[in-house]
Amino acid sequence: ENVAAGAKVEVQWSGPNNPEDYIAIGDVASDGRAYITYAYTSQGSPLTVTAPEQPGNYLVKYFIGKSNFVLASKPLQVGAVSASVEVPASVAAGSRFEVRWQGPNNENDYVTIVAAGAPEKTWLDYAYTKKGNPLQLPAPDKPGNYEVRYVTGGTNTTLAASPITVSAVNASIKVPANVAA
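In my numbering, each number is its position in the sequence shown, counted from 1, plus 1.
Dropping the structure here:
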């Protein structure tokens, strides 16, 4: 009855299991075929459907595939999730740095570095949270102000962000004035 946003929901069902029948999670206010996530009943019972990433009240529905007729439904409350990211205040351009994170760790969630103030659904380098904690990210080569974000894997929504400054690096090369061929 209650799950976290973006979590996997195990649904036990019974029904005709026609070739195109499916179980879907959708808005309580919508009728007919409106849904957010779904899975075909041909995958068996129980089957797994991903909860929406937005908290709220939803319905889990059994659809007869040919007509999209709702044969059964049950309410589902999706709760909010939170996240955080911890990064150093400053790193050298092009270096690798550590990101400690806390979050739902749902399928395909990731942390990314972006220019400060970049719009949603923007990323440069990233690493999936399923790879562990802490994660390593490469700093951009261009110095400036950036932020590291914890982003959901389904809708690419930022759950948390932390500022980071990428500082310039210097290099020099010395070579002899003349060399033999």
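Every residue gets a Cβ at the ideal spot worked out from N, C-alpha and C, and that includes glycine.
DSSP, read as helix, strand or coil, puts T158 in coil. The Cβ atoms of Y151 and A84 sit closer than 9 angstroms to each other. Per DSSP, the continuous beta strand (DSSP E) segment holding Y147 begins and ends at 145–152. Burial of I26 is indicated by the presence of at least 16 other C-beta atoms within 10 angstroms of its C-beta.
CA-to-CA, the gap between G155 and V86 works out to about 19 angstroms. Inter-segment contact for the segment 89–98 and the segment 157–175 is present: three or more beta-carbon pairs are separated by less than 8 angstroms. Taking all protein chains in view, the Cβ of N107 is crowded by 16 or more other Cβ atoms within 10 Å, so the residue is classified as buried. Within a 10 Å sphere around the beta-carbon of P53 sit 16 or more other beta-carbons, which makes this residue buried.
Membership of S74 in the beta strand (DSSP E) is indicated by the continuous run 70–80.
Under the three-state reduction of DSSP, Q55 is assigned to coil, being neither helix nor strand. Annotated as distal: L60 and E2, with beta-carbon spacing of 9 angstroms or more. Closest by C-alpha distance to N157, out of P139, D22, N109, is N109. In this structure, the CA atom of R97 is about 20 angstroms from the CA atom of T123. Annotation for D142: A94, G95 place their beta carbon closer than 7 angstroms to its own, counting only its chain and skipping 5 residues before and after. Under DSSP, S91 takes part in a beta bridge, and its partners are T166.
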